[in-house]
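Below is one structure, written out as structure tokens; comments come after it.
Numbering (my numbering), first residue to last: 7 to 148.
Structure, rendered in structure tokens:
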């Protein structure tokens, strides 16, 4: 489903993670994320991936990396159920918020998030440093 999400987001070429990395990072001795799989009539229909996040302005929360529901299962409340579970998890961990990103063209998701009372911070830009540029910076010493 991760590749399905990448394809839906029109960025399949950027989905380069390998299964062994997901297994190690999510299910190994030092998990870096948690994953939920939603089922409908015994079929996997969606998923959420999240991990701890800390804001120096707000405190602890969770970052929702992925929220995906397969097309044929949309409109059944599965996405809201996944979001609700992640929010409940944050509350149980004394978290104060959820944070995630949405593509500007994904109007259905934006409307859903607005209906839930989500706040959009359009003035902030996501920043990624990857590949050679990441390696060059990591190789610098002070």
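C-beta: ideal position from N, C-alpha, C; glycine also.
Three-state secondary structure (DSSP) at residue i?
{"i": "residue 132", "result": "coil"}
{"i": "residue 40", "result": "strand"}
{"i": "residue 20", "result": "helix"}
{"i": "residue 143", "result": "helix"}
{"i": "residue 125", "result": "coil"}
{"i": "residue 101", "result": "coil"}
{"i": "residue 110", "result": "coil"}
{"i": "residue 81", "result": "coil"}
Give me the Cα-Cα distance between residue i and residue j, rounded to the nearest whole angstrom.
{"i": "residue 139", "j": "residue 40", "result": "28 Å"}
{"i": "residue 91", "j": "residue 20", "result": "28 Å"}
{"i": "residue 58", "j": "residue 68", "result": "5 Å"}
{"i": "residue 53", "j": "residue 97", "result": "20 Å"}
{"i": "residue 56", "j": "residue 70", "result": "4 Å"}
{"i": "residue 38", "j": "residue 24", "result": "15 Å"}
{"i": "residue 102", "j": "residue 63", "result": "11 Å"}
{"i": "residue 60", "j": "residue 135", "result": "20 Å"}
{"i": "residue 117", "j": "residue 86", "result": "12 Å"}
{"i": "residue 127", "j": "residue 110", "result": "12 Å"}
Span of the alpha helix (DSSP H) holding residue i?
{"i": "residue 9", "result": "8–14"}
{"i": "residue 26", "result": "25–33"}
{"i": "residue 86", "result": "84–98"}
So, for residue i: in the same chain, excluding its five sequence neighbours on each side, which residues have a beta-carbon less than 7 Å away from its beta-carbon?
{"i": "residue 100", "result": "66"}
{"i": "residue 157", "result": "Residue 157 falls outside the range modelled here, since the chain spans only 7 to 148, and no answer is possible."}
{"i": "residue 51", "result": "44, 45, 75, 76, 79 and 84"}
{"i": "residue 129", "result": "none"}
Check whether the Cβ of residue i lies closer than 8 Å to any Cβ atom in chain D.
{"i": "residue 42", "result": "Protein chain content of the structure displayed is limited to a single chain, and chain D is not contained in it."}
Leaving aside the five residues before and after residue i along the sequence, list all residues of the same chain whose C-beta is less than 8 Å from its C-beta, in chain order.
{"i": "residue 88", "result": "42, 44, 52, 53, 54, 73 and 75"}
From what residue to what residue does the beta strand (DSSP E) around residue i run?
{"i": "residue 57", "result": "49–61"}
For residue i, which residues in the same chain have their Cβ closer than 6 Å to its Cβ, ignoring the five residues on either side in sequence?
{"i": "residue 106", "result": "70"}
Touch test, the segment 75–86 against the segment 28–46, Cβ-Cβ under 8 Å, three pairs minimum: yes
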